Amino acid sequence: MLSPVFIKNQGLAFERAAARAPDILLLYGSSELSDPIPNRASDFFSSEPTGFQVCPVGRAGTTSLIILQKLGALSSELRGRKVAISLSPSWFLRRAIRPDFYAGSFSLPAASHILFGDALDLNLKTEIARRMLQFPDTLPKGGLLQLAATCLASDRPLDRMVLMAIWPLGKLQNIALDLQDHFEALVYILGGGKPIPHWLRLFSLHKPHSPNAPSHDGHRSVTTESRSAIRPAGDAAFRARVAAASEWIDLELLFRTLRELRAQPLILSMPIDAYAARGVSRSARQVYYDKMRELAQRYHFRVIEFEDHDADPAFLIARREHPTSKGWMYYNRALDDFFHKAK
284 MLSPVFIKNQ GLAFERAAAR APDILLLYGS SELSDPIPNR ASDFFSSEPT GFQVCPVGRA
344 GTTSLIILQK LGALSSELRG RKVAISLSPS WFLRRAIRPD FYAGSFSLPA ASHILFGDAL
404 DLNLKTEIAR RMLQFPDTLP KGGLLQLAAT CLASDRPLDR MVLMAIWPLG KLQNIALDLQ
464 DHFEALVYIL GGGKPIPHWL RLFSLHKPHS PNAPSHDGHR SVTTESRSAI RPAGDAAFRA
524 RVAAASEWID LELLFRTLRE LRAQPLILSM PIDAYAARGV SRSARQVYYD KMRELAQRYH
584 FRVIEFEDHD ADPAFLIARR EHPTSKGWMY YNRALDDFFH KAK
């Protein structure tokens, strides 16, 4: 049996193994997956109380663009498979992804497999490559990945010819990265879960970075509408932030990736927390929920937004945007229903 703890922040080898296992459900998300809150899905399902385990994949700073690279790299392993994705509203309340957050979650093997893989069509890979090029620090200068992304993003016939010329080299790079990934997985297992020493690495598979997100323990009882007066300017600014967020572009690329892979996703969108909701009316906050639901329905994906728990301090830990123990039980019920529902 593959233990869920292996999957959280390791390479593609463990994710592929989990994707093949009939009694494991992959759950992608961000820092909420690693916060040791009681009833966290990976812990709650660890003994298979209903016949399956939940394996978390994610870390602080993860966003839709990172998740789509990981899923795209799994390729045919996801065909017909169920996968759950946890989204945080804060991703959609900023104009652009923080480069340091993206770099901290970036995986060279995943990025290489999605650009030098055969699972996605050329048009989708072109749009993904253009987004990746907006974070140049994650692409090794002069490397195959940077060259492939540049050629894919270009409309010039010459660049497409260059892409065809380097394609076999990209395939070889994928093989080399897979070999290193499997070696690291073996060392991890034999070492009892200890990470591989940096001096053994042939490639820099990940760029370690742990963004310092604010952490506040305990739950706050907050009644948003009464604590902070609702101001029209606050509503207008909130709507503008939601409308301008580049995360919607990446989320649609993620949905297109899932559709092309023929995966069966469950989209779990956390409610907006009380801190983010201060000074914003409930009707204005509904813009986020409506936009998320409309996009998921366009791709015929099941989405659960927990909007009945909007600004509910019993569901989310104040200012951390992580489910409380009670919030995780809502997640767990949704995951259990999803896993056991007939395809």
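For the sequence shown, this note's numbering assigns the number 626 to the last residue and increments by one with no breaks.
Glycine included, every Cβ here is placed at the ideal spot set by N, Cα and C.
Since the structure is predicted, the reported quantities are computational estimates derived from the model, not experimental observations.
Task: Extent of the continuous alpha helix (DSSP H) run through Pro382 - done: Pro382 to Ser388
Task: Ile458 burial status per 10 Å Cβ neighbour count (16 or more: buried) - done: exposed
- [ ] Using beta-carbon positions only, say whether Glu577 and Pro554 come within less than 8 Å of one another.
- [x] no
- [ ] Would you mind listing the alpha helix (DSSP H) stretches within the segment 524-584 that are 4+ residues and don't spill past its ends, in chain order?
- [x] 530-544 and 565-581
- [ ] Look at the alpha carbon of Leu348 and the alpha carbon of Ser358, and state the distance between them as a whole number of angstroms.
- [x] 16 Å
Task: Residues near Leu452 in its chain [Cβ-Cβ closer than 8 Å; skip 5 each side] - done: Leu427
Open item on the list: I'd like to know if the segment 515-530 and the segment 375-395 are in contact, where contact means that at least 3 CB-CB pairs between them fall below 8 Å.
Closed with: yes
Task: Where the alpha helix (DSSP H) through Leu308 begins and ends - done: That residue, Leu308, is in no alpha helix (DSSP H); its beta strand (DSSP E) goes Ile307 to Gly312.
Task: From Phe466, Ala412 and Ala431, residue whose alpha carbon lies closest to that of Ile449 - done: Ala431
Task: Rounded straight-line distance, which links the Cα of Asp573 to that of Ser633 - done: Residue 633 is absent from the structure shown; the chain starts at 284 and stops at 626.
Task: Exposure label - Lys624; buried when at least 16 CB within 10 Å - done: exposed
Task: Sheet register partners of Ser369 (DSSP bridge) - done: Leu551
Open item on the list: At a cut-off of 7 Å, would you count Ser330 as near the ligand ADP, judging by its Cβ distance to the nearest heavy atom?
Closed with: Absence of the ligand ADP from the depicted structure is noted, as is the absence of any ligand whatsoever, leaving it without description.
Task: Pairwise C-alpha distance: Ala560 and Arg522 - done: 12 Å
- [ ] Give the secondary structure of Pro392 by DSSP, where H, G and I count as helix, E and B as strand, and everything else as coil.
- [x] helix
Open item on the list: If you reduce the DSSP assignment to three classes, tell me which class Leu599 lands in.
Closed with: strand
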